[in-house]
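Numbering follows our numbering, with no gaps: position 33 of the sequence shown is 27. Even glycine gets a Cβ: it sits at the ideal position worked out from N, Cα and C. Since the model is a prediction, treat every value here as computed from it, not as a measurement. Before any comments, here is the structure.
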Amino acid sequence: MQLLVGVLVVYQLLTVSVWAAKPTFTVIEQPDRLRLSLETQPVAEYVFRDKQILRPYLTQIRTPSGHPVTRSHPPVQGVDEVDHETMHPGLWIGFGDLNGHDFWRNQGRIEHQQFTIAPTVEAGVLIWSTQSRIVSPAGDEIGQWSNRFTCTTRPQGWRVSWDATLHSDTLTLAFGDQEEMGFGARMATGLTEKHGGLITNSAGLQTAKATWGQPAKWCDYSGRIANQPIGLTLMTTDGEARPSWWHNRDYGLFVANPFGRAALRQGERSVVTVPPGQPLTLRFAAVIHESTGYDPSAEYEAWSQALRR
């Protein structure tokens, strides 16, 4: 569905009766973004057109009760650390080296073309899909990029799954080896390790330093705001690439990286290539949570089961 510029469309996304006691997703469609809410509480914005950040991203991510989970975008001077404003907008997929071009630092662009599935809810699950062009800094098309998003409520928050499929009909896609490759998030300043937060991975390692460069199925970054436990778990599958190594920092950045083997000190330098006409699909998820007793391992298993259905 092509978006209508200048027109606000509010989707009242209805669920069947079994979901009656659970919050209902609603979406406001604008020329550059989708505004997502659970009932009346805004929980995220999906931005697909931005003059400075040349790739799609989710920002202003909040828990169902309204606590911020990702850093304010733009960051607030005097409240947030203000570094990397256009590289760390919230939650994103980016590649610092795709066919020699840097899409992490907004040198190349991911150009939104259309919504292939408009925001829709079925059985309490919100989905939408997009189609984009991968364009070099010189304006040449490198390939196509399709995204599918799936949002669900969870017992202690909500989850967004992000499936990204990249392909080119004519070119080999080459994913280089560096730290800034993959699925990343920038935490709200009050949740970072510098402010008392903690990173834990699926192998049981803790702290940004101990988890940096290590392979893991998931990493959870959690802390407290107003004495409320709040966090974000990033999840990854092996997919068609390799296990993800993690680029984690105490200032709030964490990234699942399936390509940076040498950059993250896990072996020799490598390039992952995708021949013309063949797709590469990367499947990630993020769980936004705000409750004691949250179990990221159980949430990972729930997501894995959902992928198998």
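Discussion item. Restricting to Cα atoms, I'd like to know which of H106, G287, L167 is closest to G137.
Written reply: Considering only alpha carbons, the answer is L167.
Discussion item. Within 8 Å, do at least three Cβ pairs link the stretch 89 to 100 to the stretch 115 to 132?
Written reply: yes
Worksheet item: Does the Cβ of T231 have 16 or more other Cβ atoms within 10 Å, making it buried, or fewer, making it exposed?
Response: buried
Worksheet item: For G190 versus V249, is the C-beta spacing smaller than 7 Å?
Response: no
Fill in: Between the CA atoms of L165 and Q35 - distance to the nearest angstrom
44 Å
Discussion item. Under 8 Å, with one C-beta from each stretch per pair, do the stretch 272 to 280 and the stretch 180 to 195 reach the 3-pair mark?
Written reply: no
Worksheet item: Name the DSSP beta bridge partners of D74, please?
Response: Q71
Fill in: A117 burial status per 10 Å Cβ neighbour count (16 or more: buried)
Exposed is the call here.
Discussion item. Going by DSSP, what residue range makes up the alpha helix (DSSP H) through L301?
Written reply: 290 to 302
Practice prompt. Return the chain-ordered list of same chain residues with a C-beta closer than 8 Å to the C-beta of E135, the five sequence neighbours on each side being excluded.
Written response: Result list for E135: R127, I128, V129, in chain order.
Discussion item. If the criterion is Cβ atoms closer than 7 Å, does the pair G151 and T57 meet it?
Written reply: yes
Discussion item. Between I47, D77, P17, H106, which has its C-alpha nearest P25's C-alpha?
Written reply: H106
Item to complete: Any chance you could list the beta strand (DSSP E) runs of at least 3 consecutive residues sitting entirely within the stretch 26 to 106, in chain order?
Response: Runs of the beta strand (DSSP E) inside the stretch 26 to 106: 27 to 32, 35 to 41, 51 to 53, 85 to 89.
Worksheet item: What does DSSP give as the partner residues of P209 in its beta bridges?
Response: W239
Discussion item. Buried or exposed, going by whether 16 or more other CB atoms sit within 10 Å of the CB of A197?
Written reply: exposed
Worksheet item: Who are the near neighbours of S66 in its chain, counting only those whose CB is closer than 6 Å to its CB and skipping five residues on each side?
Response: D74
Item to complete: Starting from T227, follow the beta strand (DSSP E) in both directions and report where the run begins and ends.
Response: Looking at the DSSP string, the run of the beta strand (DSSP E) that includes T227 is 222 to 230.
Practice prompt. Drop a sphere of 10 angstroms on the beta-carbon of R302, count the other beta-carbons inside from all chains shown, and report buried for 16 or more, exposed for fewer.
Written response: exposed
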